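Asker: Below are the structure tokens for one structure; questions will follow.
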Amino acid sequence: MRSSDVHIVLTPSWYPDGNRPHNGSFFRDQARMLQRGRMRVGVIALEPVSFWQARRELTADVEEGIVVVRGTVPTIPKGALPGDRVAARAVAARAVRLYEETIRNLPESPGNGGAWVNPDVVHAHSVFTGIHVGRYAAEHWGAGLAITEHRPSSTDRNVHGWRYRALRRDLKRAGGRAVVSTPFAEALRDYWRLGEWRSIALPVNDEVFDVPRPADQDRQGDSARALTVCHVSHLGRNKRPEETIRAVARLARADLAAGREPTRLLLVGGETHEIEPLRELARAEGIEQTSTFTGRVPHDEVGGLMAASDVFVLASEVEAGGTVLAEAQALGLACVATPTWAGRFMVEPETGLVLPAAAQADDNALVASLTEALTRVTDSIRAGGYCPEAIRARARQRFGEATFVKACRELYEQACGEITGSAGSTGSTQ
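FYI, in my numbering the residues of the sequence shown are 11 to 440.
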């Protein structure tokens, strides 16, 4: 399978748009990576919503040479009744036609040439409802079907329920199955009972590796410079920003007691109503003057903020893939993470520390464990450890675009080894 000959259509279960530019922005990034890898790429993004939120209209846009069809799939809350699969396939049928029409109308399209219109592989992202949409499209085009799972909640459904059975029915037809971390792959193997899943790390745009770090940031063995601990997220409860603040406050007090400049805290992201309570907590902990809360910033500015830091913390309760851990390492930051699926997969001994399982017992245990890990990492940095350039080099090996495109190409070859049913079976129902 030569890259330049491959036409891929992604069917993500959510995707960014003008109103929600950060909603699944990594899907858009991945589509562009595949495009830069000399593949023809399109997107059919049909988001599952409740019946009363669904809209019938579909839109088609061409975004940097990628045709993106958007719409919604009406679903039944919590899968209480059958019907999700039928609804998804009905919308998918219209979306596929719109995708074909849009491709044919592109200036560079050879008119109605089927070789250009028909994709070779449909790559679904997250089973609900991406696999329903993906299977319909793959059958219609006679294409291979692949799936990458991203959501930890995909294993929460009752295995005896309507929704599980419908999803598994289509998932069985995916010749290539991937997931964003090895521990998650093990969970999916046991949950779906369809064999092994391969792990493909969430990638980082190559340009991130070139974001400069401040000149004084990489001086090895510099014990006088104040270090900065960074966290980037929407600051929701799952990310545990409160515990991160408390741990950095303990670290800062220990720094002062040792006669050092106190470690600084940088929190990037969040809305005003989320930030104010955290700012109050920083004030109560005595680190208000050494804490910075940026609020939401443009995506292209986040890298520069992170690059000016030394350590990245992700104290999530649940995390499947952890793109931000890959981005932090691509910027040269040592990482401290909780033992989520993402933490255990993304952070290696030479790039940071993963907290023990006991850290997740309660809030106090997490703060104590975070403080200990941050102390070990910052002490090592002051002694010349966790070299940023070494971290960046390892990150490029694991998370760079070339690695990701190669892994996807292998997944697509696997998917094409089990071509799904013909267009004649598209009328099947749940």
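Even for Gly, the Cβ is constructed at its ideal location relative to N, Cα and C.
Just so you know, these numbers come straight off a predicted model, no measurement behind them.
Could you please give the first and the last residue of the uninterrupted beta strand (DSSP E) stretch that includes A55?
Answerer: Its beta strand (DSSP E) spans residues 50–60.
Asker: Measuring CB atoms only, is the stretch 233–242 touching the stretch 308–320, in the sense that at least three cross pairs come out at less than 8 Å?
Answerer: Segments in contact, yes.
Asker: Three or more beta-carbon pairs under 8 Å between the stretch 155–166 and the stretch 396–415, yes or no?
Answerer: Flag = no, the stretch 155–166 and the stretch 396–415 do not touch.
Asker: Buried or exposed: which applies to F61, given that a residue is buried once 16 or more other Cβ atoms fall within 10 Å of its Cβ?
Answerer: F61 is exposed by the Cβ-count criterion.
Asker: Decide if the stretch 256–263 is in contact with the stretch 368–384; the criterion is three or more beta carbon pairs, one per stretch, under 8 Å apart.
Answerer: The stretch 256–263, when compared against the stretch 368–384, does touch it at the 8 Å Cβ threshold.
Asker: With 16 as the cutoff for other CB atoms within 10 Å, does G296 come out buried or exposed?
Answerer: The residue in question, G296, is exposed, as its Cβ has fewer than 16 Cβ neighbours within 10 Å.
Asker: Can you check whether the CB of C426 is closer than 8 Å to the CB of D94?
Answerer: Cβ atoms of D94 and C426: not closer than 8 Å.
Asker: At what residue ranges does the stretch 171–258 contain a whole run of the alpha helix (DSSP H), taking only runs of 4 or more?
Answerer: Those alpha helix (DSSP H) runs which fall completely within the stretch 171–258 and span 4+ residues are 172–181, 192–202.
Asker: Check for me: the beta strand (DSSP E) holding S301 runs from which residue to which?
Answerer: Taken as a continuous stretch (DSSP letters only), the beta strand (DSSP E) holding S301 covers 301–305.
Asker: How should P380 be labelled, buried or exposed, when 16 other C-beta atoms within 10 angstroms of its C-beta is the threshold for buried?
Answerer: A small fix is needed here, since residue 380 is Leu in this sequence, not Pro. L380 comes out buried.
Asker: Is C426 helix, strand or coil by DSSP?
Answerer: Helix, per DSSP.
Asker: Mark L266 as exposed unless 16 or more other C-beta atoms lie within 10 angstroms of its C-beta, in which case mark it buried.
Answerer: So L266 ends up on the exposed side.
Asker: How do the stretch 270–280 and the stretch 351–362 stand: do at least 3 beta-carbon pairs fall below 8 Å, yes or no?
Answerer: At 8 Å Cβ cutoff, the stretches do not touch.
Asker: Does the count of Cβ pairs from the stretch 206–215 and the stretch 188–197 closer than 8 Å reach three?
Answerer: Judged by Cβ distances under 8 Å, the stretch 206–215 makes contact with the stretch 188–197, as three or more pairs qualify.
Asker: For T21, does the three-state DSSP call read helix, strand or coil?
Answerer: The answer is strand: DSSP assigns T21 an E or B state.
Asker: Where does A125 fall in DSSP's three states?
Answerer: Low per-residue confidence applies at A125: pLDDT is 47, beneath 50, and the placement is therefore not dependable enough to give any value.
Asker: Distance check for D389 and A236, CA to CA, integer angstroms please.
Answerer: Each residue's Cα considered, the two are about 12 Å apart.
Asker: Using a Cβ-based criterion (distance less than 7 Å to any ligand heavy atom), does L288 qualify as near the ligand NAP?
Answerer: Among the ligands in the structure shown, none appear at all, so the ligand NAP cannot be discussed.
Asker: Relative to the C-alpha of G395, which candidate in V321, V377, L376 has its C-alpha closest?
Answerer: Of V321, V377, L376, the residue nearest in Cα terms is V321.
Asker: Which stretch, first to last residue, makes up the alpha helix (DSSP H) that contains V101?
Answerer: Taken as a continuous stretch (DSSP letters only), the alpha helix (DSSP H) holding V101 covers 94–114.
Asker: So with Cβ pairs under 8 Å, would you call Q45 a contact of chain C?
Answerer: No chain C is present in this structure, which holds just one protein chain.
Asker: Mapping DSSP to helix, strand and coil, what is L324?
Answerer: Correct three-state label for L324: strand.
Asker: Nearest to T139 by alpha carbon, out of R263, E149, D180?
Answerer: Taking only the C-alpha atoms, the option nearest T139 is D180.
Asker: Which residues does DSSP list as the beta-bridge partners of C345?
Answerer: F322, G362.
Asker: R107: which of I54, V72, T82, A294 sits nearest, CA to CA?
Answerer: Of I54, V72, T82, A294, the residue nearest in Cα terms is I54.
Asker: Does the stretch 73–91 come into contact with the stretch 28–46, if we say contact requires no fewer than three beta-carbon pairs (one atom in each stretch) closer than 8 Å?
Answerer: Yes, since at least three Cβ pairs between the stretch 73–91 and the stretch 28–46 fall closer than 8 Å, the two stretches touch.
Asker: Pop quiz: S136 and S35 are said to be a contact at Cβ under 8 Å. What is the actual Cβ separation, rounded to whole angstroms?
Answerer: Between S35 and S136 the Cβ distance is about 15 Å, and since that is not below 8 Å, they are no contact.
Asker: Consult DSSP for D71 and reduce its assignment to one of helix, strand or coil.
Answerer: DSSP places D71 in strand when its eight states are reduced to three.
Asker: Under a Cβ-count criterion, where at least 16 other Cβ atoms within 10 Å of its own Cβ denotes burial, should G124 be classed as buried or exposed?
Answerer: Low confidence applies to G124: its pLDDT is 49, below 50, so where it sits in the model is not reliable enough to give any reading.
Asker: How long is the line joining the alpha carbons of E302 and V346, rounded to whole angstroms?
Answerer: Here the sequence assigns Thr to residue 302, which means Glu is not the residue at that position. Cα to Cα, T302 sits roughly 19 Å from V346.
Asker: Compare the beta carbon distance of L155 and G144 with 8 Å and say whether it is the shorter of the two.
Answerer: Contact flag set, yes.
Asker: Look at G152 and Q424 and say whether their C-beta atoms are less than 8 Å apart.
Answerer: Not closer than 8 Å, so no.
Asker: Leaving out five residues before and five after R203 in sequence, what residues of the same chain have Cβ atoms less than 7 Å from its Cβ?
Answerer: If we look at R203 and ignore the five residues flanking it on each side, it has no Cβ neighbours.
Asker: Nearest-angstrom Cα distance between E252 and T350?
Answerer: Distance between the alpha carbons of E252 and T350 is about 18 Å.
Asker: Jot down the residue ranges of each uninterrupted alpha helix (DSSP H) in the stretch 260–297, minimum 4 residues, whole runs only, in chain order.
Answerer: As far as the stretch 260–297 is concerned, its whole alpha helix (DSSP H) runs of at least 4 residues are 282–294.
Asker: To the nearest angstrom, how far is the alpha carbon of R5 from that of A294?
Answerer: As shown, the chain starts at 11 and ends at 440. That puts residue 5 outside it, with no answer to give.
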